[in-house]
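Peer 1: Residue numbers (the numbering used here): 11 to 81. Following this message is one structure expressed as structure tokens.
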């Protein structure tokens with residue numbers, strides 16, 4: 011009876027969670043780094059705000075990984 015079979019777990023859920031974590035981290039750094047770069051160009055601050063934006067983006071990405079994928 012084919013209707014009563016349960017689907018097999020392929021182990022892909024762990025890989026999907028890993029890629030989601032990488033995506034959160036990279037997108038956080040990219041988005042907030044870009045925002046920092048825009049503010050840096052506007053204020054002509056010499057690159058310091060770009061670095062701050064990247065650090066804040068990494069912190070936000072880590073927060074999202076822990077909140078959404080952590081136990």
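The beta-carbon is built from N, C-alpha and C at its ideal position, and this holds for glycine as well. Since the model is a prediction, treat every value here as computed from it, not as a measurement.
Under a three-way DSSP split, which group does residue 26 fall into?
Peer 2: Translated into the one-based positions of the chain shown, residue 26 becomes position 16. In this structure, residue 26 counts as helix in the three-state DSSP scheme.
Peer 1: Using 10 angstroms around the beta-carbon of residue 34, count the other beta-carbons present and answer buried if the total reaches 16, otherwise exposed.
Peer 2: By 1-based counting over the chain shown, the position of residue 34 is 24. Counting Cβ neighbours within 10 Å, residue 34 comes out buried, since at least 16 surround it.
Peer 1: Have a look at 23, 58 and 26 and flag the residue whose alpha-carbon is nearest the alpha-carbon of residue 46.
Peer 2: For the purposes of this step, residue 46 is taken as the residue at position 36 of the chain shown. Residue 46 has its Cα closest to that of 58, out of 23, 58 and 26.
Peer 1: Between the segment 73 to 80 and the segment 41 to 55, do three or more beta carbon pairs fall short of 8 Å?
Peer 2: They do not touch, by the three-pair rule.
Peer 1: Where does residue 61 sit, in a helix, a strand or coil, going by DSSP?
Peer 2: Along the chain shown, read from residue 1 onward, the residue named residue 61 stands at position 51. Note: residue 61 maps to helix in three-state DSSP.
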